[in-house]
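The structure is reproduced here in structure tokens:
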């Protein structure tokens, strides 16, 4: 068991003026579950790409597999040696069946010309049996749940005789139950001698399953530790190099008239009987596991979807949104969870991304855009939110995660909202930028804006919200007062809900 | 049972059946073997093109240069027939046409794959290149007067029957050639690795790349199959009308693509079946035949085809939207 | 490539082509006559290219622009030859011509709206929707004309295609007006900005409150309208209308757009680039014509130019990527 499967020595990687990896030493044993944690931009993905052979390391690096030093390592070599990566997008074929997705690659690799459908099914069934799961062989992969798709990806790796399986953020879109199922599959594979590298930012899951954890920061491995020696606080400290110190936030909320009121709001298979009040100047935190219906609720409040039953009252008046444009007209804004696709237009300029929500306010009598007004508005937001960018014409994709989120925030603040819904606003953003965004949010409520803060990071909600609502399986199950709730208490509650 | 209704092909089949019933009610001559055999024979051209187009669409691309390719292969073969007709036989003719088509198709594939140029733009360009050069070299001349054996071949029936008036009719050998092409295509798509790989590439090219599929080989295969079918089709055309004209085929490519899409293939790739394609071509064929039998003036033809495309593709798109999972957001249909 | 450098590249290419064609053709090319005749031919292609360009910006395409133009032309022709004595409606038949033009533009805009509705509301892919309307519209054109040419228009109409104002041909003026208006729409109106943004990422636009459906509808409406305007110029130049004029133009409109900097995926491209590209293409076309190169060879040449341009763009992108990576 104590035999290393893969060893990295002196692995570095430089791009034009950027050091992605700096002298990394890493080792994983056979039958070990090893978690790799690090912030966005820490070098995690570069390291994975080097292990998978898709990117070559700088000269001087030594890669050893099962004791043998390998040279000129390419992706195909990695595959031959049993290294398989399951990327976050799973790389499956949605238009082919489960059986085909699992077994087709086998035929391709063997150089066969014909397909033997019976054999194909047998291969797929054998793979599924190895980890004790049953999936419908003839279902199209595009039509099954994400959790099942993940299992298909794992089966496919098994078929290729995987010895080291690398999974990149595998639990990002899974519900608690599905996460547990996945983790038990991983444990099963471990007992069969397969090594697994888990890349994840869900620290409690990491601690639950890892044998050892390696922390990577700024391209260097900060250290490798047995998971028994760690807790989330230590891990966060190692990942960020800083101690997370939240400044206490004293807020005064005018509890007279709620700006938003929700009564018994329900939407089939998304959320049920949701009722709450939101006051101006308040930050209302909503937390809960994936699949609890938080985002679905937010989308109905924003008008993208409509509830089946129940009432929404905005400033005392019942409203029915036919689209998010109606909601925006009333003064509701939404910062989406998926920044890259829903929040920003990546290859367009920062300026256009900021102006997109308020174009109609920037026209003159002829209906033409007032260029001066446009320029001034854009520059004002860049300044107000301290967006670091060489030019407002730069495409938004050239910005860091934190700056990108500031662009999203500025386009919403520009609409003068009365209610702003933030869905996972600091996901994938490094610590310093996280705090900066919290500052921005706190400044907003000082001006009387009400904020709904949806997040699954417990410290984030506890330290910023006036009240925290917990959703579970589409219902509101609890309300917590941050001033007398500890993070562990809340975490415990979430872990034990059934 | 419910699964049958999730297939696009079911709906096209229903449409074909309904249309046939309507036409037969107006003119019973429609549902006779004589009429149907003749119809199949005259649509063998479109049908053969459709086999190649299906391959390209499944792979996620599109090709509108195939009529230009067919014009070149047809013209070359015609010139050979006129110059050395007695030394050739039908198999050789098909082979030569097919191989020239393969070569031209490979040029398409190379440009699309190596330079990452979208297939629509590439094939718009190559269509004009091929057609332009051919027209100049041929000087617009129509070719006819092929050897006797060539015109005899066109008349061969696999089996012959006689109608009430005493005239013989039959299931043409040309139709059989089209059916053979469809059978070959169906077999490749269903039972060979390369066929399934085409589906995979069309479903998600990035995944196919990561999984080690030979994308270059697949591109070459798909576009040269299209070229091959174009070659075969051009010989069929020559047999049917016993002339080859430089401008006969170009302009009809979009009709063929429409037929294949009607049959269930999607422009974004990954779906489509040979049976569906056959149904799509049949629908177009029956529509045209029906209009004639119902004595609708021929210029209404295009109007009906256009309407049919819009209605049926519109209906199937709408249906797909309803069926798609309860995920809330408007899907990212990057067109 | 940045906007400024793309424009300069095109400008250089234009000067290069000018020099080349002059060298090959001498005084024939540089004559006022030649420039005037180019100025008469280019506008219809130019206006059609504008109609194609705006749809490509939204990451779509409009295969029906030629068919729409032909149908509009036929409607206009039918009205103008309907038997009403033109003189009774004003000098040169101007009243009749005006009614005809309004009718033609109305029809072409209607087709545009149909396209827009199919794409925006029924969710059809632009290739299929415009393919379907193309076939249907050309079918209607055939039904109306039974394949024949309709010709013989009132003087007022002929002036549009053949007259000039202070030495500048009327068609050029119409084209310049159309190009300027589209330039203003794209660069200076909210609609224009939204067109670019939808071309790059319609999902984010939707979340940001953009009415995607309305923008797409208006895009194809404008495309249809411009097809109709192109038709006015076209049929007045030919003094006749037919169901299948200008079929080879489709490639050219795509070529001009791509050459002019329109991205195949949408989201980028300016009218100024398109205008330069059109001038370049027109000069090549005239030059080849003067050299006696056959029309069909010219068509083949366009295909090669299109591929050449795309290949060069690809190589430049790869070069820039490499520089970033190392």
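Chains as they are written, first to last, in the numbering used here: chain A, 11 to 508; chain B, 154 to 488; chain C, 424 to 749. Ideal Cβ positions, reconstructed from N, Cα and C, are used throughout, including at glycine.
Buried versus exposed call for residue i [16 or more other C-beta atoms within 10 Å across all chains shown]
{"i": "residue 362 of chain A", "result": "buried"}
{"i": "residue 418 of chain A", "result": "buried"}
{"i": "residue 20 of chain A", "result": "exposed"}
{"i": "residue 467 of chain C", "result": "buried"}
{"i": "residue 23 of chain A", "result": "buried"}
{"i": "residue 28 of chain A", "result": "exposed"}
{"i": "residue 448 of chain A", "result": "buried"}
{"i": "residue 301 of chain B", "result": "exposed"}
{"i": "residue 510 of chain A", "result": "The structure shown does not extend to residue 510 of chain A, since chain A is modelled only from 11 to 508, so the question has no answer here."}
{"i": "residue 183 of chain B", "result": "buried"}
{"i": "residue 749 of chain C", "result": "Here residue 749 of chain C scores only 49 on pLDDT, less than 50, and its place in the model should not be relied on; the value that follows carries that caveat. With fewer than 16 other Cβ atoms within 10 Å, it is exposed."}
{"i": "residue 139 of chain A", "result": "exposed"}
{"i": "residue 448 of chain B", "result": "exposed"}
{"i": "residue 107 of chain A", "result": "buried"}
{"i": "residue 349 of chain B", "result": "buried"}
{"i": "residue 481 of chain B", "result": "Caution applies to residue 481 of chain B, whose pLDDT of 28 falls short of 50 and renders its modelled position unreliable; the value that the coordinates give is listed next. When all chains shown are included, residue 481 of chain B counts as exposed."}
{"i": "residue 88 of chain A", "result": "buried"}
{"i": "residue 505 of chain A", "result": "exposed"}
{"i": "residue 267 of chain B", "result": "exposed"}
{"i": "residue 43 of chain A", "result": "buried"}
{"i": "residue 562 of chain C", "result": "buried"}
{"i": "residue 124 of chain A", "result": "exposed"}
{"i": "residue 195 of chain A", "result": "buried"}
Opposing strand residues paired with residue i [DSSP bridges]
{"i": "residue 382 of chain B", "result": "None; residue 382 of chain B has no bridge partner."}
{"i": "residue 324 of chain A", "result": "A:270 and A:327"}
{"i": "residue 433 of chain A", "result": "A:464"}
{"i": "residue 490 of chain A", "result": "A:478"}
{"i": "residue 43 of chain A", "result": "A:206"}
{"i": "residue 277 of chain A", "result": "A:281"}
{"i": "residue 80 of chain A", "result": "A:73"}
{"i": "residue 314 of chain A", "result": "DSSP lists no partner for residue 314 of chain A."}
{"i": "residue 24 of chain A", "result": "A:29"}
{"i": "residue 587 of chain C", "result": "C:592"}
{"i": "residue 325 of chain B", "result": "B:310"}
Residue i versus the options, residue with shortest Cα-Cα distance
{"i": "residue 178 of chain A", "options": "A:120, A:100 and A:118", "result": "A:100"}
{"i": "residue 353 of chain A", "options": "C:623, C:512 and C:484", "result": "C:623"}
{"i": "residue 148 of chain A", "options": "A:160, A:181, A:492 and A:112", "result": "A:112"}
{"i": "residue 355 of chain A", "options": "C:634, C:696, C:625 and C:727", "result": "C:625"}
{"i": "residue 494 of chain A", "options": "A:143, A:475, A:287 and A:338", "result": "A:475"}
{"i": "residue 502 of chain C", "options": "C:708, C:530 and C:733", "result": "C:530"}
{"i": "residue 360 of chain B", "options": "A:222, A:104, A:313 and A:304", "result": "A:104"}
{"i": "residue 490 of chain C", "options": "C:538, C:716, C:579 and C:517", "result": "C:538"}
{"i": "residue 279 of chain A", "options": "A:220, A:317 and A:72", "result": "A:317"}
{"i": "residue 165 of chain B", "options": "B:473, B:228 and B:434", "result": "B:434"}
{"i": "residue 235 of chain A", "options": "A:221, A:242, A:228 and A:408", "result": "A:221"}
{"i": "residue 34 of chain A", "options": "A:456, A:170 and A:68", "result": "A:68"}
Anticipated Cβ contact below 8 Å, residue i with residue j, distance rounded
{"i": "residue 694 of chain C", "j": "residue 687 of chain C", "result": "That belief does not hold up - the Cβ atoms of residue 694 of chain C and residue 687 of chain C are roughly 18 Å apart, past 8 Å."}
{"i": "residue 420 of chain B", "j": "residue 548 of chain C", "result": "5 Å"}
{"i": "residue 83 of chain A", "j": "residue 63 of chain A", "result": "5 Å"}
{"i": "residue 440 of chain C", "j": "residue 703 of chain C", "result": "5 Å"}
beta-carbon residue i near the ligand PLP non-hydrogen atom, thresh 7 Å
{"i": "residue 435 of chain B", "result": "As far as ligands go, the structure on display features none, and thus does not contain the ligand PLP."}
Unbroken beta strand (DSSP E) runs of length 3 or more, entirely within the segment 162 to 232 of chain A: which are they? 174 to 178, 205 to 209 and 222 to 227
Segments of 4+ residues assigned as alpha helix (DSSP H) that fall wholly inside the segment 545 to 573 of chain C: 549 to 568
Extract the residue ranges of the alpha helix (DSSP H) inside the segment 182 to 239 of chain B, only unbroken runs of 4 or more that lie entirely within it. 186 to 195, 197 to 211 and 219 to 237
Whole alpha helix (DSSP H) runs in the segment 660 to 721 of chain C with 4 or more residues, listed along the chain? 672 to 682 and 694 to 713
Quick check for students: name the residue ranges of the beta strand (DSSP E) that lie wholly in the segment 78 to 126 of chain A, counting only runs of 3 or more. 78 to 80 and 93 to 96
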